[in-house]
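So the sequence lines, in the order shown, correspond to chains A and B. Numbering follows my numbering, in which position 52 of the first sequence is assigned residue number 52; successive positions increment by one, without gaps. Numbering follows my numbering, in which position 78 of the second sequence is assigned residue number 78; successive positions increment by one, without gaps. Think of the CB as a built atom: it goes at the ideal place given N, C-alpha and C, for glycine as much as any other residue. This one's a predicted model, so the numbers in the text were calculated from it and none came from an experiment. Working notes, beginning with the structure itself.
Number of protein chains: 2
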Amino acid sequence: MEEEFVLAESKLIYKGKIISLYLDKIKSPSGQILDREVVKHLDAVGVAALNEKKEIILVRQYRHPINKTLLEIPAGLLEDCESPAACAIRELREETGYVAKKVEKLAEFYTSAGFTDEKFYLYFTEEIEEGEPARELGEEDIKVEAIQLKEALDMAASGKIEDAKTLLAILMAALRAGHLEF
Amino acid sequence: MEEEFVLAESKLIYKGKIISLYLDKIKSPSGQILDREVVKHLDAVGVAALNEKKEIILVRQYRHPINKTLLEIPAGLLEDCESPAACAIRELREETGYVAKKVEKLAEFYTSAGFTDEKFYLYFTEEIEEGEPARELGEEDIKVEAIQLKEALDMAASGKIEDAKTLLAILMAALRAGHLEF
Numbered sequence: 001m002e003e004e005f006v007l008a009e010s011k012l013i014y015k016g017k018i019i020s021l022y023l024d025k026i027k028s029p030s031g032q033i034l035d036r037e038v039v040k041h042l043d044a045v046g047v048a049a050l051n052e053k054k055e056i057i058l059v060r061q062y063r064h065p066i067n068k069t070l071l072e073i074p075a076g077l078l079e080d081c082e083s084p085a086a087c088a089i090r091e092l093r094e095e096t097g098y099v100a101k102k103v104e105k106l107a108e109f110y111t112s113a114g115f116t117d118e119k120f121y122l123y124f125t126e127e128i129e130e131g132e133p134a135r136e137l138g139e140e141d142i143k144v145e146a147i148q149l150k151e152a153l154d155m156a157a158s159g160k161i162e163d164a165k166t167l168l169a170i171l172m173a174a175l176r177a178g179h180l181e182f
Numbered sequence: 001m002e003e004e005f006v007l008a009e010s011k012l013i014y015k016g017k018i019i020s021l022y023l024d025k026i027k028s029p030s031g032q033i034l035d036r037e038v039v040k041h042l043d044a045v046g047v048a049a050l051n052e053k054k055e056i057i058l059v060r061q062y063r064h065p066i067n068k069t070l071l072e073i074p075a076g077l078l079e080d081c082e083s084p085a086a087c088a089i090r091e092l093r094e095e096t097g098y099v100a101k102k103v104e105k106l107a108e109f110y111t112s113a114g115f116t117d118e119k120f121y122l123y124f125t126e127e128i129e130e131g132e133p134a135r136e137l138g139e140e141d142i143k144v145e146a147i148q149l150k151e152a153l154d155m156a157a158s159g160k161i162e163d164a165k166t167l168l169a170i171l172m173a174a175l176r177a178g179h180l181e182f
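The structure is reproduced here in structure tokens:
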């Protein structure tokens, strides 16, 4: 199907640090011209990290767009010339202090493909060692919480986790770690 | 923590049909002024609908921001004066023809709270009846696919589902329908 939609016009409205906004016109297979608002966004990476007590390492932080704090997996934006796996290890260390020896990929997904091209790379690790957070102070006000995976799953099922990538991380980590059976 | 961050300035860059873009300045607890790019987005609703064969009803559609087709749950934007549950039933009918007698909420989550306030309401139903899609032709070029829940779970685990809400819907529907055990 993708060959049949054609970009007819693209107008840059705003070019920023993390996002850019475009107003596009596309031509549908039936010849209709459709308007599309498109937010181009840097790719992002996060990690579901379990310690030896089977706790998942989460961070609580303020999110300005929704004016509240969310409990989330450690995550951040993919920097130039960095692999997604290296980014997962870097963000985990910066935000929580935990050092992962290795990570494996759980999933790659688009966060909201109706309006943005943001892609998220989700990693998993059960091999972590405690250390000191190395984040820049002031910019990020982050509290680290370690929660039993079973309790995190209950929180996900009962609406206490409100962040999409973190819901996915908890569910996929439970599947990966063999705690969920079909 | 949310009391300690204060909005210092908000500048509207673009006001559109589905999204608006603001450049905000916020003051952190330590007194730093931070720049934030914020996309305000209408809330959205989707539904994990299982038929009597335990198949999940999905739709394949073109997504312009990523220039490819994705396999997704039926979903759409919440319209004024409509409840999220009514929206879930409407979108299911419009996009697939299936009529749900009732739906129950599986989750509410923010799709990418670092830059957008978009909130997603995810519903579940096992009580659906086949009918005719009622969508506007041309605007949406949608193909309906019914996939065994077990197969959809395998697709989620092996990277064949690339849409965040759909990954979540498959995993949470499997939990809800008793197909995943902790």
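Along the stretch 151-172 of chain A, going in chain order, the ones with a CB nearer than 9 Å to a CB of chain B are Leu153, Asp154, Ala156, Ala157, Gly159, Ile161, Glu162, Asp163, Ala164, Lys165, Thr166, Leu167, Leu168, Leu171 and Met172. Rounded to the nearest angstrom, the gap between the Cα atoms of Gln148/A and His179/A is 12 Å. Between the alpha carbons of Leu78/B and Ser28/A lies a distance of about 24 Å. Between the stretch 64-73 of chain A and the stretch 155-175 of chain A there are three or more inter-stretch CB-CB distances shorter than 8 Å, so the stretches are counted as touching.
For Asp141/A, the secondary structure class from DSSP, reduced to helix, strand or coil, is coil. CA-CA distance, Lys17/A to Glu108/B, rounds to 29 Å.
DSSP places Ile89/A in the uninterrupted alpha helix (DSSP H) bounded by Pro84 to Thr96. Comparing C-alpha distances from Glu91/A to each of Ser112/A, Arg63/A and Phe124/A shows the shortest one belongs to Phe124/A. In chain order, Arg93 and Glu94 place their CB closer than 7 Å to the CB of Ala134/A, counting only its own chain and leaving out the 5 sequence neighbours on each side. The C-alpha of Tyr14/A lies about 26 Å from the C-alpha of Asp163/B. Under a 10 Å Cβ-count criterion, Gly114/A is classified as buried, with 16 or more other Cβ atoms of the shown protein chains found around its own Cβ. With the criterion set as a beta carbon lying under 7 Å from some beta carbon of chain A, the members of the stretch 43-76 of chain B are Tyr62, Arg63, His64, Pro65, Ile66, Asn67, Lys68, Thr69 and Leu70, in sequence order. In this structure, DSSP gives Asp35/A an extended state, which the three-state scheme calls strand. Chain-ordered, the chain B residues with CB closer than 9 Å to the CB of Leu180/A read Leu171, Ala174, Leu175, Leu180, Glu181 and Phe182. Here Glu4/A carries a helix assignment [DSSP, helix/strand/coil]. DSSP lists Val39/B as the beta-bridge partner residues of Thr116/B.
Between Ala88/A and Val59/A, the C-beta gap is not smaller than 8 Å, which leaves the two residues out of contact. Excluding sequence positions up to five before and after Lys101/B, its CB lies within less than 6 Å of the CB of Glu127, all in the same chain and listed in chain order. Around Asn51/B, the same chain offers Ile57, Ile128 and Ala146 as residues with beta carbons nearer than 7 Å, after the five sequence neighbours per side are excluded. Counting every other CB atom within 10 Å of its CB across the protein chains shown gives Val103/B a total of 16 or more, marking it as buried. In this structure, the beta-carbon distance from Ile66/A to His41/A does not fall below 8 Å. The C-alpha of Arg176/A lies about 29 Å from the C-alpha of Tyr62/A. At least one C-beta of chain B is nearer than 8 Å to the C-beta of Ile19/A.
Residue-level contact by beta carbon fails for Tyr98/B and chain A, as no gap is shorter than 8 Å.
For Ala134/B, DSSP records no beta bridge to any residue. Of the candidates Glu9/A, Ala157/A and Tyr121/A, Tyr121/A places its Cα closest to the Cα of Glu82/A.
When beta bridges are read from the DSSP output, Lys102/A appears opposite no residue. Contact annotation, His64/B with Asp24/A: C-beta distance approximately 7 Å; criterion of less than 8 Å satisfied. The three-state reading of DSSP puts Ile170/A in helix, counting H, G and I together. In the three-state reduction of the DSSP assignment, Glu126/A falls in the coil class.
In the DSSP annotation of this structure, the continuous segment of the beta strand (DSSP E) that includes Leu21/A starts and ends at Ile19 to Lys27. Under a criterion of Cβ atoms nearer than 7 Å, no residue of chain A is adjacent to Phe124/B; the nearest Cβ is some 12 Å distant. Neighbourhood of Ala113/A in chain B, by CB distance below 7 Å: Arg63, Pro65, Ile66, Leu70 and Asp163, in chain order. Linking Ile33/B to Glu4/B through their CA atoms gives a straight-line distance of about 12 Å.
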